[in-house]
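Engineer:
In UniProt numbering, the protein residues as written are 1 to 521.
1) Whose CA, out of 242, 464 and 448, lies closest to the CA of residue 457?
2) Rounding to the nearest angstrom, what Cα-Cα distance links residue 301 and residue 520 in this structure?
3) If you drop the 5 nearest sequence neighbours on each side, which residues of the same chain put their C-beta closer than 6 Å to that of residue 204?
4) Taking 7 Å as the threshold (C-beta atoms), are residue 498 and residue 443 in contact?
5) State the DSSP-derived secondary structure class of residue 164, mapped to helix, strand or coil.
6) Do the CB positions of residue 511 and residue 491 come within less than 7 Å of each other?
7) Quick test of your reading: residue 229 and residue 188, contact by CB under 8 Å. State the CB separation rounded to the nearest angstrom.
8) Taking Cβ positions, are residue 171 and residue 141 nearer each other than 7 Å?
9) Using 8 Å for Cβ pairs, my map puts residue 288 next to residue 372. What's the rounded Cβ distance?
10) Excluding the 5 residues flanking residue 198 on each side, which residues of the same chain have their C-beta closer than 6 Å to its C-beta?
11) What is the residue span of the beta strand (DSSP E) that residue 186 lies within?
12) Have a look at the DSSP bridge pairing and note the partners of residue 146.
13) Which residues bound the beta strand (DSSP E) around residue 244?
14) Relative to the C-alpha of residue 356, which residue among 297, 387, 232 and 399 is closest?
15) Keeping to the same chain, check which residues put their C-beta closer than 7 Å to that of residue 434; ignore five residues upstream and five downstream.
16) Would you give the residue range spanned by the beta strand (DSSP E) that residue 508 belongs to?
17) May I ask which residues mark the beginning and end of the beta strand (DSSP E) holding residue 272?
18) Could you please give the first and the last residue of the uninterrupted beta strand (DSSP E) stretch that includes residue 226?
19) Give a yes or no on whether the C-beta atoms belonging to residue 522 and residue 277 are separated by under 7 Å.
20) Looking at residue 398: is its Cβ nearer than 7 Å to the Cβ of residue 429?
21) On the DSSP letters alone, give me the boundaries of the beta strand (DSSP E) that residue 124 sits inside.
22) Spell out the partners DSSP gives residue 517 in its beta bridges.
23) Measuring only the C-alpha atoms, how far is residue 337 from residue 173?
24) Just how far apart, CA to CA, sit residue 256 and residue 218?
25) Please report the residue range of the beta strand (DSSP E) in which residue 372 lies.
26) Answer yes or no: do residue 148 and residue 381 have a C-beta to C-beta separation smaller than 7 Å?
27) Once you ignore the five residues that flank residue 221 on each side, which residues in its own chain have a CB closer than 7 Å to its CB?
28) Less than 7 Å separating the beta-carbons of residue 248 and residue 260?
29) Let me know the secondary structure DSSP gives residue 133 once reduced to three states.
30) Looking at the structure shown, is residue 252 part of a helix, part of a strand, or coil, going by DSSP?
Next up, the structure:
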């Protein structure tokens, strides 16, 4: 009798294991659906073998089937566990890369293979703009709007051209935009832009109303060559061959112009640039000197006394630069004329310097004992470095050089500026088109430099993988790596520009042709 009860209990237990639960069973049953799932997931082949020891020969087939299903279940659990571990490992790897604790750089900078392929595939677009030189002459400057929807062209023969860079469609020609060569264009926002000319004036334009100028600005006495814009103070900053740097208050402009004042003066001025955060102003000269104004405050004026021609021995910039009352040990003796600043401009409240001046003689490879003219000046999009194009006094050599800003603790905090420049990369250029300024540019991410090279352009990188400047070994000077050379002009290329929003490059030449480049796979 007891054996029958034991057999009945065994059969009852086996029926509970074998029988699937029906949809009508209550969740309050002794074995709920969740417990059943947990028990099924915990079954191992050993458990199945123990449970089947008392079965008859007639149940062997059923036992084999259950064992196979249990093996499949166990295999699935092991696969799921492995996948969970893999996902956890990948997550930890990505987390370390993002925080900079892993062996790789962060993902945003670990895409050099894609970038290398992208830039290496740049080719002239089939629908590039090719216009006659009978109307607008040479192309001196190219500028995209901040949203990349408009490409503007500064022309030799008083005109400004506007194009749709995506379709290469001509939008409008601003005939007689100036009375002489148009040299530079700068967008203040997506609709308002400024142009400057050899007629000594600056003009403001609105894309929504191109039939006439917004206003004309008068203040320079010679050719105006450069325009910058301080987004913090909304001051327009211009420089010209009269040696003046003038600020214009665009907050209060009218049809008759806007208030302006002379901010700085230096002889032999060629180009002027503001860093992206507008904390520094760089000025290049035809005598080979580079001036840096630190802790920039455009609301003040710096009146500098006249000084002799700045041409002396070549020197490597030191970590300590000149200030508004001192000079670097590597700076030529007569450069202390720059120190003739008003005392109230030297320091602000609290004793820290504003508009302190540093005078550098940039190191040029192969030009240790020869003077240079710094003709083109650009800044890295992230403010890490400056890019210059310089030529020898004899005009028989041209170089493109990259100088990294060196941040360091000053020896005298109240008066010393906080950084100077160090040569990190260089390359010799084709000495074609003597006497013309060749404007080079950075790509929006700062990894690529586009430099005019004879009748074409060269795409240059800091290394073979189109890496960041900050990833390079800082203790060494390297030659720039040539990614690709593009030839689509029949005359000397004078200017280049990357689109800020699209993978596109534009170049303009002496004969008036404008070429667009984009990737082709």
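Heads up, the beta-carbon is just placed ideally off N, CA and C, and yes, glycines get one too.
All values reported here derive from a predicted model rather than from experimental measurement.
Structural biologist: Checking against the coordinates, here is how it stands:
1) 448
2) 50 Å
3) 194, 214 and 215
4) yes
5) strand
6) yes
7) 5 Å
8) no
9) 4 Å
10) 180, 181 and 223
11) 182-187
12) Beta-bridge pairing links residue 146 to no other residue.
13) 244-249
14) 297
15) 395
16) 505-509
17) 269-274
18) 224-230
19) Outside the modelled stretch of the chain, which goes from 1 to 521, sits residue 522, for which no answer is possible.
20) yes
21) 122-124
22) 124 and 505
23) Because residue 337 sits at a pLDDT of 45, beneath the cut-off of 50, its placement in the model cannot be relied upon, and the following sentence gives the value as read from the coordinates. So the two alpha carbons sit approximately 46 Å from each other.
24) 10 Å
25) 372-379
26) no
27) 200 and 242
28) yes
29) The predicted position of residue 133 is uncertain, since its pLDDT is 43 and thus under 50; no value can be drawn from it.
30) helix
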